[in-house]
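Accompanying notes for the structure given below.
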């Protein structure tokens, strides 16, 4: 799917182009008018869209808190990772630790 706009040629080689196309494909139920508006917004702000998991990071600019009131924490026992998924989980954990 390619949404035509004056910026189409510029966006053709932008790293976020693939991510933008995936987002637009997930919005197939939206009307053409809404999809065009979404495409324009995504292309305008393409420089702030992550193109990979490594692009996501942390910030110290904002402190986030979830206020739960007097609710008690939900307790649940940890579950074992299935054997066939352990290598993938270890790889993901190593990658996250390297990014930290």
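Residue numbers (the working numbering): 1 to 100. The beta carbon of each residue, even a glycine, is placed where N, CA and C say it ideally should be. Treat the numbers as computed from the prediction; the structure is a model and nothing was measured.
Determine the closest residue to residue i out of the options, with distance taken between C-alpha atoms.
i, options, result
"residue 96", "34, 37, 55, 42", "55"
"residue 15", "45, 34, 36, 37", "45"
"residue 82", "75, 57, 90", "90"
"residue 17", "34, 33, 35, 39", "39"
Alpha helix (DSSP H) containing residue i: first to last residue?
i, result
"residue 87", "86-99"
How is residue i classed by DSSP in three states: helix, strand or coil?
i, result
"residue 141", "A question about residue 141 goes unanswered here, because the residues of the chain that appear run from 1 up to 100."
"residue 72", "coil"
"residue 66", "coil"
"residue 16", "coil"
In chain order, which alpha helix (DSSP H) runs of at least 4 residues are fully inside the segment 30-58?
32-44, all fully within the segment 30-58.
Next item on the list: Check whether the segment 28-38 touches the segment 50-68, counting contact only when three or more Cβ pairs, one atom from each stretch, lie closer than 8 Å.
Entry: No: the two stretches stay apart, fewer than three of their Cβ pairs being nearer than 8 Å.
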